Structures are given as structure tokens and as C-alpha cells.
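Residue numbers (the numbering used here): 7 to 193.
Built from N, CA and C at the ideal position, the CB exists for glycine as well.
Model, not experiment: these values are computed from the prediction.
Here is the structure we will look at.
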């Protein structure tokens with residue numbers, strides 16, 4: 007009789023890899039991919055609206071010969087122009103700021119007969135095959151979607167020398183009937 011954790015079937019594939027902020031940034035970008043255009047449009051809409059309002063206010067103050075009010079509108083308009091940045095710069099800064107929250111970790115992902123087992127800093131998690139929802143490569147990271155909104159992130163650039171390949175893992179996921187989101191970039 008075994009005590010402690012349940013005995014799992016023999017390990018079929020083992021990946022050793024490091025995860026850093028790039029894997030989490032790829033996951034965030036993947037999840038936000040439908041929202042990016044809306045965010046960019048809203049950002050520029052708000053920026054243009056503010057600039058037009060300040061310009062209209064400055065024009066009205068000038069026509070009314072209210073020079074203190076004209077000065078306020080002009081200063082605010084100038085402030086808006088100096089603070090304006092392309093959306094891509096704001097997006098990149100937000101990603102960089104968020105990236106500092108993630109420490110580099112070494113992980114072990116084992117493909118077992120009955121599911122996936124991931125070990126991070128001596129913490130072992132197991133998910134049966136029926137709870138693996140889908141997978142795909144996005145920004146050089148293999149994203150494996152699990153049940154309950156959980157993910158396993160395997161960066162293609164972070165595999166250690168003793169690791170199996172991403173292609174072996176993807177082939178096993180396909181063999182298990184896990185949904186693939188699309189073709190691998192470049193194929």
C-alpha cells in the first residue's frame with residue numbers, strides 16, 4: 007500500500023525549462039489579442055477629444071478676450087501635446103512594468119499516461135488529460151490551457167539541455183486529442 011501522493015503512470019516525456027517575464031507577457035498578449043485594437047482606438051479617441059476640447063476652449067477664450075482663461079487652455083493643450091505618446095510605447099511600458107513581478111523559475115513538465123504533471127519549486131501540480139483544454143504557440147511560447155482558467159507556459163527559448171523538445175510535447179498533445187489553436191508560426 008502506498009502512502010502520500012498517488013502513484014502515477016510512467017513518465018513519457020519530460021521537459022525542463024525556465025520561465026521568465028516573456029512567457030507571462032506572451033500569455034497576457036494572447037488573452038488580450040481581441041482587445042488591443044479596441045484599447046488603441048479608445049486611447050486615440052480620448053487623446054483627440056481632449057486636444058479638440060482644449061483647442062476649442064482656447065479659441066473661445068481668445069474670442070472672448072479672456073486672456074487668463076486662454077493661458078489656462080493653452081497650457082493644458084501644450085501639456086497634452088507633450089504627454090502624448092504612441093499607443094505602442096504605452097503598451098510596451100505597461101508590459102515592462104508588469105514583467106518585473108515575475109521571477110525566473112525552473113520548471114519540470116512531465117507527460118504521463120494519465121495527464122500532465124508540473125513541478126515548480128518542489129510544488130507538484132497534476133491535471134488529467136480530460137482537463138487539458140487546448141494549446142498553441144504564441145510569441146515563441148507554447149501555451150497550454152487547462153481547466154478553471156489555469157495555464158502551463160512553456161517558452162521555446164527556455165528549454166534546458168536535458169529537456170525533450172517542444173515538438174515532442176505538441177505531438178503528444180495532438181495524439182491525446184487536445185485542441186490546437188492554429189498552425190505554428192512559420193509553417
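Query	Result
Pick from 27, 175, 47, 145 that is closest to residue 94, judged by C-alpha positions	47
Counted within 10 angstroms of its Cβ, other Cβ atoms place residue 89 as buried (16 or more) or exposed	exposed
Residue 37 versus residue 66: straight-line alpha-carbon distance, rounded	45 Å
Counterpart residues of residue 157 in DSSP-defined beta bridges	151
C-alpha gap between residue 176 and residue 140, whole angstroms	11 Å
Counterpart residues of residue 123 in DSSP-defined beta bridges	116, 132
Contact set for residue 144: own chain, Cβ-Cβ below 6 Å, skip 5 residues either direction	32, 36
Closest residue to residue 147 among 29, 60, 24 (Cα-Cα distance)	29
Residue 138 (DSSP reduced to helix, strand or coil)	strand
Cutoff 7 Å; reference residue 174; Cβ partners in own chain excluding five residues on either side	19
Inter-stretch contact (C-beta, 8 Å, three-pair minimum) for the segment 47–60 and the segment 69–86	yes
contact_flag[the segment 147–165, the segment 21–28] where n(CB pairs < 8 Å) is 3 or more	yes
Where residue 53 sits in the DSSP three-state scheme	helix
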